[in-house]
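Here's the structure we're looking at; comments come further down.
Numbering (this note's numbering), first residue to last: 130 to 675.
In structure tokens, the structure reads:
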């Protein structure tokens, strides 16, 4: 499968990029409710306790949530930064492609990767980024890796070496912390110098240290940019295409219980084998996963097409079950639900879960189905939709807005500055209400921004995510990729709601801790859907009265 980087303009939120072939949802919550924390000192201590137990995702969620209450706390800010570094290190060392391919590179090949990454960042990243800033983040990643269980274990550094490790960390801090780097060549020399010194002190091979600079340096960019291992790059392409090899589940870890199945995709091996949302996987090929992090369990579930995995699970009714599952290709629908929700008033409904290559065609098919059933107005559900392809969002918008600018992008280089406009023929002219929430991001926000500025229809729900930037994928040697933010996108009236989000026209309050799982059955009691129906009915009544 080949893709041209310049043509793949991605609008994903971070959650979407956490998806793998087993569809891991990065939604694990900290076990202590942030509202129960009395003061900033307790908030810091709770975070440190998560870190001490290497519960990096819990630590990240905790620091992120408590910073909403104490936004000026430097301790909480650095705790969040530190935990993110550790989480990324742990994820790298649970990534089979990182272990089997990248860690086996020669020193020369690893240094080539460093040169290539710096070259592409300097040429394409939306903001100017110095080599000094990039290398400083790499040094920080090495410093933290020397206190990371996954890194130490993989590189054969055990408890007896801890005094030497502490000394090596002091050496990094005293001699290399924010050390000025004048050029990419100087960057390479510094990295090699650090790798040589750590090899002499601790016996660590030079390649893992060089790779920490490659991956850790990418933390100098925004949250949506980063270096992709072969496995993560493949996962991303699969999400763009809407297909992958796996079991067809969305999952998150729950300590002590195992892997909670948040969703089971239709026509998947998981569905065929009897797995249901709400079940907990406890063992994978006889390995107990009740206390394993999500990424580690996901790596046990992934495998080649046709391979077999044995799973033990506990149902929502506490029944223990087990069985073998055959991994195979699973197609992910961009629009999983198409339904008439009020036949008397002609109100149709679609749920759009993402923007991929098939989205426009699926939208056309959904509209044909609903119009044949008498649809006169539409509820378009983008809640929880983390985004996807910018071009897919434009293609669908062009079907509901008949003229004018749909979205524009502005970047550092001329080839990132574009305006996408509507074409009148074939425009759907029925009333539409858009549903959004705090997890409606990127491409979903392109749609919401166009709806707002063109007055196309009301927006119902909650404030959107606030991710208003565009990423491009650049191939890198050894089947890796570099995801770079290359532009920001703007609504038709030139608004950018980065880190703010777009507010709905009609607010429907909902507990932010409730994970949104929409099914055809749940629509009857869904507060957002019911509000949309109410608005359509009242509009119809007003029209009749007039």
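Ideal placement from N, C-alpha and C gives every residue a C-beta, glycine not left out.
Taking the beta strand (DSSP E) that residue i falls in, what are its first and last residues?
| i | result |
| --- | --- |
| residue 604 | 598-605 |
| residue 383 | 378-383 |
| residue 468 | 466-471 |
| residue 625 | Unbroken run through residue 625: none, as it is neither H nor E. |
Quick check: the Cα distance between residue i and residue j, rounded to an integer number of angstroms?
| i | j | result |
| --- | --- | --- |
| residue 495 | residue 461 | 15 Å |
| residue 419 | residue 631 | 38 Å |
| residue 293 | residue 629 | 46 Å |
| residue 394 | residue 649 | 14 Å |
| residue 653 | residue 569 | 22 Å |
| residue 278 | residue 467 | 47 Å |
| residue 195 | residue 172 | 7 Å |
| residue 242 | residue 362 | 16 Å |
| residue 414 | residue 506 | 49 Å |
| residue 456 | residue 402 | 11 Å |
| residue 157 | residue 389 | Bear in mind that a pLDDT of 32 at residue 157, under 50, signals an unreliable position, so the model cannot answer this. |
| residue 537 | residue 595 | 16 Å |
| residue 408 | residue 445 | 5 Å |
| residue 251 | residue 299 | 30 Å |
| residue 269 | residue 386 | 34 Å |
| residue 209 | residue 215 | 10 Å |
| residue 542 | residue 253 | 7 Å |
| residue 237 | residue 200 | 44 Å |
| residue 470 | residue 666 | 12 Å |
| residue 353 | residue 612 | 8 Å |
| residue 151 | residue 396 | Note that residue 151 scores 34 on pLDDT, short of 50, meaning its location in the model is unreliable and no value can be drawn from it. |
| residue 204 | residue 170 | 9 Å |
| residue 332 | residue 285 | 9 Å |
Give me the residue from the options with the minimum Cα distance to residue i.
| i | options | result |
| --- | --- | --- |
| residue 176 | 201, 439, 206 | 206 |
| residue 370 | 459, 322, 247, 387 | 459 |
| residue 221 | 310, 425, 311, 204 | 425 |
| residue 198 | 180, 167, 338 | 167 |
| residue 343 | 245, 379, 308 | 245 |
| residue 417 | 258, 401, 443, 392 | 443 |
| residue 504 | 484, 560, 209 | 560 |
| residue 450 | 529, 259, 412 | 412 |
| residue 365 | 554, 251, 483 | 483 |
| residue 273 | 432, 314, 219 | 219 |
| residue 212 | 647, 192, 633, 230 | 192 |
| residue 281 | 183, 470, 210, 620 | 183 |
| residue 513 | 452, 645, 259, 385 | 645 |
| residue 257 | 622, 637, 614, 189 | 614 |
| residue 240 | 660, 601, 336 | 336 |
| residue 249 | 603, 607, 662, 378 | 603 |
| residue 481 | 472, 493, 539, 474 | 493 |
| residue 572 | 234, 515, 605, 438 | 515 |
| residue 545 | 554, 567, 519, 555 | 519 |
| residue 295 | 285, 304, 275, 312 | 275 |
| residue 475 | 490, 465, 508 | 508 |
On the three-state DSSP scale, how would you describe residue i?
| i | result |
| --- | --- |
| residue 609 | strand |
| residue 331 | helix |
| residue 296 | helix |
| residue 409 | strand |
| residue 544 | helix |
| residue 632 | coil |
| residue 619 | strand |
| residue 171 | helix |
| residue 275 | coil |
| residue 343 | helix |
| residue 153 | Confidence at residue 153 is low in this model, with a pLDDT of 30, below 50, so the placement of that residue is unreliable and no value is reported for it. |
| residue 421 | coil |
Less than 7 Å between C-beta atoms, sequence neighbours within five positions excluded: which residues of the same chain meet that for residue i?
| i | result |
| --- | --- |
| residue 597 | 574, 617, 618, 625, 626, 627 |
| residue 639 | 591, 656 |
| residue 338 | 271, 323, 324, 327 |
| residue 557 | 496, 528, 529 |
| residue 309 | 261 |
How far does the alpha helix (DSSP H) with residue i in it reach, from first residue to last?
| i | result |
| --- | --- |
| residue 186 | 185-195 |
| residue 225 | 225-229 |
| residue 283 | 278-283 |
| residue 506 | Careful: residue 506 lies outside any alpha helix (DSSP H), inside the beta strand (DSSP E) at 506-510. |
| residue 216 | 203-221 |
| residue 497 | 488-501 |
Closer than 6 Å by C-beta to residue i: which residues in its own chain qualify, once you throw out the five before and the five after it? Chain order, please.
| i | result |
| --- | --- |
| residue 334 | none |
| residue 348 | 266 |
| residue 535 | 523, 526, 549, 551, 579 |
| residue 400 | 393 |
With a CB to CB cut of under 8 Å and the five nearest residues on each side skipped, what residues in its chain are close to residue i?
| i | result |
| --- | --- |
| residue 664 | 562, 587, 589, 635 |
| residue 577 | 511, 563, 565, 569, 588, 593, 631 |
| residue 533 | 550, 551, 583, 621 |
Taking only heavy atoms of the ligand GDP into account, decide whether any of them is closer than 8 Å to the Cβ of residue i.
| i | result |
| --- | --- |
| residue 388 | Annotation note on the ligand GDP: not contained in the displayed structure, which lists no ligands. |
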